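Everything on this sheet refers to the single structure shown next.
In my numbering, the protein residues as written are 14 to 544.
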């Protein structure tokens with residue numbers, strides 16, 4: 014009797030804990046990474062003469078999750094379209110601290126994450142502006158193609174290879190950090206080739222477009238060309254959500270509200286000197302030279318709101334939007350962007366966007382911060398630089414790279430970077446639930462008794478298959494099963510039915526806690542599994 018009483022007491026305590034744990038919103042899984050998976054092979058120019066190169070993705074998946082149709086997030090790293098260290102920066106790869114931390118944060122919430130690389134190389138130090146602008150546009154074009162190839166790769170694995178990563182091919186987001194933000198927004202909005210032959214993309218000396226599809230292939234990278242190999246061309250390149258941390262867009266006209274475009278959310282630092290907060294010049298970090306006039310995150314999200322791309326996000330109520338009050342304040346706050354050329358006076362914010370008012374000075378010296386979410390370890394940097402110098406015969410200095418990074422991130426630390434990423438997650442995660450149609454159970458959902466929705470679970474105890482029924486007007490959306498240690502061991506989402514049968518699969522004999530949710534109600538009950 015004492016043992017049974019203790020079990021009931023524990024279940025009562027644990028059921029209250031489950032009320033606060035929500036898939037896709039709260040962390041609840043361990044994470045495993047499968048590194049260096051080939052997702053495509055295409056023609057690169059980083060070595061000088063064009064040559065085929067393998068494109069890699071590191072895949073992060075939740076541990077102990079039996080869900081087999083999970084949303085996919087692809088993360089594009091920063092780096093100014095050049096390899097780390099060679100770009101004069103500490104960051105620029107799949108191993109950046111921000112990339113890894115973001116991937117783990119998402120996978121621990123039930124997402125599958127692919128942190129991918131893309132083709133690099135352009136001419137940032139060219140004295141001729143046409144060379145700088147043209148080669149940068151070409152680099153972005155190739156990287157957008159690679160982003161779309163990566164999307165198609167995962168759809169191909171789901172359709173042809175037994176879905177080894179357990180994704181839902183209809184629920185995909187692209188999450189760009191810094192330079193990667195150009196790809197997240199560009200892959201979402203560049204849907205017509207005419208958009209890359211605008212007047213600003215024409216060589217002022219030759220009067221020819223910087224992008225020639227007979228050389229670089231079509232905008233999706235699905236046609237054979239001199240510098241393009243088609244990868245997985247039979248699959249769609251579309252996705253549902255674009256997340257941008259500090260990137261920009263080649264031209265605002267790319268965003269025209271077509272049905273094919275995703276929803277857009279993003280953040281930007283007001284004092285970013287390399288990419289515009291609202292609109293303005295893109296400056297090369299290594300040379301401080303002008304490259305192109307671009308549209309920053311703040312204006313891009315405003316356009317997405319106006320064009321209807323973000324209508325799907327407007328159902329988010331204030332009680333489930335942790336930074337709603339901050340966003341509302343920024344929507345009515347006039348600010349001057351002093352680092353813009355010339356300085357701009359604008360409304361600080363807009364819906365589904367958050368602006369970081371980072372410091373302009375540190376210790377009395379100019380220190381305009383553009384990527385406060387980045388951090389690195391100095392000792393690791395020394396080892397990496399030494400390895401690169403030994404392998405390439407170069408003479409890079411870890412101290413110089415470290416100090417260069419501190420000039421625009423003077424109080425850099427893991428704690429600081431994670432604080433900024435926490436804010437990013439507070440903006441993005443509830444909106445991802447809507448954009449990807451994840452059926453997330455927000456905190457306002459009402460917990461009720463089983464009789465209120467007509468829930469019947471049978472047989473219970475179960476040996477093979479669990480059958481669940483509810484009233485016709487109370488269709489089930491999700492069923493989550495937890496063990497007595499609080500670990501999610503079985504998850505089914507997007508059920509949309511009043512009847513469902515779930516195989517026991519790998520559930521071992523014992524007591525479990527089951528959470529059944531409709532659109533606005535939740536029932537928590539006990540489940541017993543027998544051998």
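The beta-carbon is built from N, C-alpha and C at its ideal position, and this holds for glycine as well.
Source: prediction; values computed, not measured.
Distance, residue 92 Cα to residue 103 Cα: Numbered from 1 along the chain shown, position 90 holds the residue referred to as residue 103. Numbered from 1 along the chain shown, position 79 holds the residue referred to as residue 92. Rounded to whole angstroms, residue 103 to residue 92 spans 9 Å at the Cα level.
Contact set for residue 182: own chain, Cβ-Cβ below 6 Å, skip 5 residues either direction: Along the chain shown, read from residue 1 onward, the residue named residue 182 stands at position 169. Hits under 6 Å: 168, 171.
Could you give the first and the last residue of the continuous beta strand (DSSP E) run that contains residue 266? Within the chain shown, residue 266 is the residue found at index 253, counting from 1. Careful: residue 266 lies outside any beta strand (DSSP E) and carries neither H nor E.
Could you say if the region 117–136 and the region 64–84 meet the contact criterion of at least three C-beta pairs nearer than 8 Å? yes
Between 156, 38, 119, 39, which lies nearest to residue 59 when the distance is taken from Cα to Cα? On the chain shown, residue 59 is found 46 positions in, with the first residue counted as 1. Closest option to residue 59, Cα to Cα, is 156.
Where the beta strand (DSSP E) through residue 279 begins and ends: Taking the first residue of the chain shown as position 1, residue 279 is located at position 266. Taken as a continuous stretch (DSSP letters only), the beta strand (DSSP E) holding residue 279 covers 276–282.
Is it true that the region 286–297 meets the region 221–239, where meeting means three or more beta-carbon pairs spaced less than 8 Å apart? no
Measuring only the C-alpha atoms, how far is residue 24 from residue 117? Along the chain shown, read from residue 1 onward, the residue named residue 24 stands at position 11. Along the chain shown, read from residue 1 onward, the residue named residue 117 stands at position 104. Below a pLDDT of 50, predicted positions are generally treated as unreliable, and residue 24, at 48, falls in that range; the measurement from the model is reported next regardless. So the two alpha carbons sit approximately 29 Å from each other.
Helix, strand or coil at residue 155 [DSSP, three-state]: Here residue 155 refers to the residue found at position 142 of the chain shown. Three-state DSSP puts residue 155 in a helix.
CA-to-CA distance, residue 297 to residue 177, given in whole angstroms: As a first step, residue 177 must be located in the chain shown, where it is residue number 164. As a first step, residue 297 must be located in the chain shown, where it is residue number 284. Their Cα atoms are separated by approximately 40 Å.
Give me the Cα-Cα distance between residue 259 and residue 280, rounded to the nearest whole angstrom. To locate residue 259, count along the chain shown from 1; it is residue 246. To locate residue 280, count along the chain shown from 1; it is residue 267. Approximately 6 Å, taken between the alpha carbons.
What does DSSP give as the partner residue(s) for residue 188 in the beta ladder? Your numbering for residue 188 matches position 175 in the chain shown. Looking at the DSSP assignment, residue 188 forms a beta bridge with 88, 256.
Quick check on residue 14: does DSSP put it in helix, strand or coil? As a first step, residue 14 must be located in the chain shown, where it is residue number 1. Residue placement at residue 14 cannot be trusted, given a pLDDT of 39 that sits under 50; what the coordinates show is reported in the next sentence. The answer is coil: DSSP assigns residue 14 none of H, G, I, E or B.
What ranges does the alpha helix (DSSP H) occupy inside the region 337–407, keeping only unbroken runs of at least 4 residues that lie completely in it? 337–344, 391–405
Boundaries (first-last residue) of the alpha helix (DSSP H) holding residue 465: Looking up residue 465 in the chain shown gives position 452. Here the alpha helix (DSSP H) through residue 465 covers 463–466.
Going by the DSSP bridge assignment, what does residue 293 pair with across the sheet? Taking the first residue of the chain shown as 1, we reach residue 293 at position 280. 307, per the DSSP bridge assignment.
What did DSSP end up calling residue 45 once you bin it into helix, strand or coil? On the chain shown, position 32 is the one that residue 45 refers to. Looking at residue 45 - three-state DSSP - the assignment turns out to be strand.
Identify whether residue 245 lies in helix, strand or coil by the three-state DSSP scheme. Looking up residue 245 in the chain shown gives position 232. Here residue 245 sits in coil by DSSP.
Could you please give the first and the last residue of the uninterrupted alpha helix (DSSP H) stretch that includes residue 429? Stepping through the chain shown from its first residue, residue 429 is reached at position 416. Run containing residue 429: 427–448, per the alpha helix (DSSP H) assignment.
With 16 as the cutoff for other CB atoms within 10 Å, does residue 486 come out buried or exposed? Taking the first residue of the chain shown as 1, we reach residue 486 at position 473. Under this definition residue 486 is an exposed residue.
Rounded C-alpha distance that separates residue 33 from residue 122: One-based indexing of the chain shown puts residue 33 at position 20. One-based indexing of the chain shown puts residue 122 at position 109. In this predicted model, residue 33 has a pLDDT of only 49, less than 50, meaning its place in the structure is not dependable; the value taken from the coordinates is given anyway. Roughly 13 Å separates the two Cα atoms.
Which same chain residues, not among the five before or five after residue 461, have their C-beta less than 8 Å away from its C-beta? Sequence index remark: in the chain shown, residue 461 carries index 448 (1-based). Same-chain partners within the cutoff: 534, 535, 536.
Would you identify the three-state DSSP class for residue 200, choosing helix, strand or coil? As a working mapping, residue 200 is identified with position 187 in the chain shown. Three-state DSSP puts residue 200 in a helix.
Roughly how many angstroms lie between the CA atoms of residue 250 and residue 48, to the nearest whole one? Numbered from its first residue, the chain shown carries residue 250 at position 237. Numbered from its first residue, the chain shown carries residue 48 at position 35. C-alpha separation (whole angstroms): 23 Å.
Does the distance from the CB of residue 73 to the CB of residue 107 come in under 8 Å? For the purposes of this step, residue 73 is taken as the residue at position 60 of the chain shown. For the purposes of this step, residue 107 is taken as the residue at position 94 of the chain shown. Not in contact: residue 73 and residue 107 (Cβ atoms no closer than 8 Å).
Would you check if the distance between the CB atom of residue 385 and the CB atom of residue 371 is smaller than 8 Å? Counting from 1 along the chain shown, the entry for residue 385 is found at position 372. Counting from 1 along the chain shown, the entry for residue 371 is found at position 358. Taking 8 Å as the Cβ cut-off, residue 385 and residue 371 qualify as a contacting pair.
Distance check for residue 511 and residue 505, CA to CA, integer angstroms please. Mapped onto the chain shown, residue 505 falls at position 492. Mapped onto the chain shown, residue 511 falls at position 498. Cα to Cα, the separation comes out at about 14 Å.
Would residue 334 be called buried (16 or more neighbouring beta carbons within 10 Å of its own) or exposed? By one-based count along the chain shown, residue 334 stands at place 321. Answer is buried; the Cβ neighbour count reaches 16.
Sequence-distant residues of the same chain with beta carbon closer than 7 Å to residue 438, five excluded per side: One-based indexing of the chain shown puts residue 438 at position 425. Only 118 meet the Cβ criterion.
Backbone secondary structure at residue 228 - three-state DSSP: As a working note, residue 228 is residue 215 in the chain shown. Residue 228 falls in the helix class under three-state DSSP.
Less than 8 Å between the CB atoms is what I'm expecting for residue 89 and residue 199, so what's the real figure, rounded? On the chain shown, position 76 is the one that residue 89 refers to. On the chain shown, position 186 is the one that residue 199 refers to. Actually they are not in contact, since the Cβ atoms of residue 89 and residue 199 sit about 10 Å apart, beyond 8 Å.
Measuring only the C-alpha atoms, how far is residue 16 from residue 523? What you label residue 16 is simply residue 3 of the chain shown in a count that begins at 1. What you label residue 523 is simply residue 510 of the chain shown in a count that begins at 1. With a pLDDT of only 41 at residue 16, under 50, the local geometry of the prediction cannot be trusted, and no value is derived from it.
Going by the beta-carbon positions, is the gap between residue 203 and residue 232 smaller than 8 Å? Numbered from 1 along the chain shown, position 190 holds the residue referred to as residue 203. Numbered from 1 along the chain shown, position 219 holds the residue referred to as residue 232. Yes; because the gap between Cβ atoms is below 8 Å, this pair is in contact.
Quick check on the burial criterion: 16 or more other C-beta atoms within 10 angstroms. Buried or exposed for residue 361? Residue 361 sits at position 348 when you count from the first residue of the chain shown. Flag for residue 361 reads buried.
For residue 550, which residues from the same chain have a beta carbon less than 6 Å from its beta carbon, with the 5 sequence-adjacent residues on both sides left out? What is shown of the chain runs 14 to 544, which leaves residue 550 out entirely.
Thinking residue 434 and residue 111 are a contact (beta carbons under 8 Å), I'd like their distance in whole angstroms, please. For the purposes of this step, residue 434 is taken as the residue at position 421 of the chain shown. For the purposes of this step, residue 111 is taken as the residue at position 98 of the chain shown. At roughly 7 Å, the Cβ-Cβ gap stays under 8 Å, so residue 434 and residue 111 are in contact.
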